[in-house]
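Asks: The following block contains the structure, expressed as structure tokens.
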Amino acid sequence: MTIVTHNVVRQLNDVKPFKDIWKVEIKVLHSWTQHSTYSGGDSFDFILADKTGVKIHCTCKRNFFPRVKKLQVGQWKFIENFSVIQATGKYRPTSHK
1 MTIVTHNVVR QLNDVKPFKD IWKVEIKVLH SWTQHSTYSG GDSFDFILAD KTGVKIHCTC
61 KRNFFPRVKK LQVGQWKFIE NFSVIQATGK YRPTSHK
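The letter at position 76 of the sequence shown is residue 76 when you use UniProt numbering, and the numbering goes up by one with no holes.
So, in structure tokens, the structure goes:
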């Protein structure tokens, strides 16, 4: 995530895995630290929502902890320049595709 510079604000339904230049306005609904013994290490996870009510699960790796830990539950923020990967597995905290 970086300082906002893009003019077009997208909805979460528009965010797709094929690029990483997005700007969205989101509200933090929930956040938690996910501890892991795997090589990827711990992550900081969020449930985010946009103004239309669409929700998405967000996972941030350890190197982004100092930035993302500033996000507070209930807070609206613009975020941009992030990548999206297809959700897989049985654990799906949101229905976003």
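The beta-carbon is built from N, C-alpha and C at its ideal position, and this holds for glycine as well.
With 16 as the cutoff for other CB atoms within 10 Å, does Trp-22 come out buried or exposed?
Replies: Within the sequence shown, residue 22 is the residue found at index 22, counting from 1. The residue is buried, with at least 16 neighbouring Cβ atoms inside 10 Å.
Asks: Which residue comes first and which comes last in the alpha helix (DSSP H) that contains Phe-65?
Replies: Taking the first residue of the sequence shown as position 1, residue 65 is located at position 65. Per DSSP, Phe-65 belongs to the alpha helix (DSSP H) from 65–68.
Asks: May I ask you to check if the CB of Gly-41 is nearer than 7 angstroms to at least one heavy atom of the ligand COA?
Replies: Ligands are entirely absent from the displayed structure, and the ligand COA is therefore not among its contents.
Asks: Look at the alpha carbon of Glu-25 and the alpha carbon of Tyr-38, and state the distance between them as a whole number of angstroms.
Replies: Along the sequence shown, read from residue 1 onward, the residue named residue 25 stands at position 25. Along the sequence shown, read from residue 1 onward, the residue named residue 38 stands at position 38. Straight-line Cα distance between these residues: approximately 32 angstroms.
Asks: Using a Cβ-Cβ cut-off of 6 angstroms (strictly less than) and excluding sequence neighbours within five positions of Val-9, which residues of its own chain qualify?
Replies: Locating residue 9 in the sequence shown gives position 9, where the first residue counts as 1. Here the set comprises Lys-23, Glu-25.
Asks: Taking Cys-60 as the reference, which of Asp-42, Asn-81, Val-15, Ser-36 has the closest Cα?
Replies: Walking along the sequence shown from the start, residue 60 turns up at place 60. When only C-alpha atoms are compared, the closest one is Asp-42.
Asks: Considering only DSSP beta bridges, list what Phe-44 is partnered with.
Replies: Residue mapping note: residue 44 aligns to position 44 of the sequence shown, counting from 1. Answer by DSSP bridge pairing, in chain order: Thr-33, Cys-60.
Asks: Going by DSSP, which residues form a beta bridge with Phe-82?
Replies: Numbered from its first residue, the sequence shown carries residue 82 at position 82. According to DSSP, Phe-82 bridges with nothing at all.
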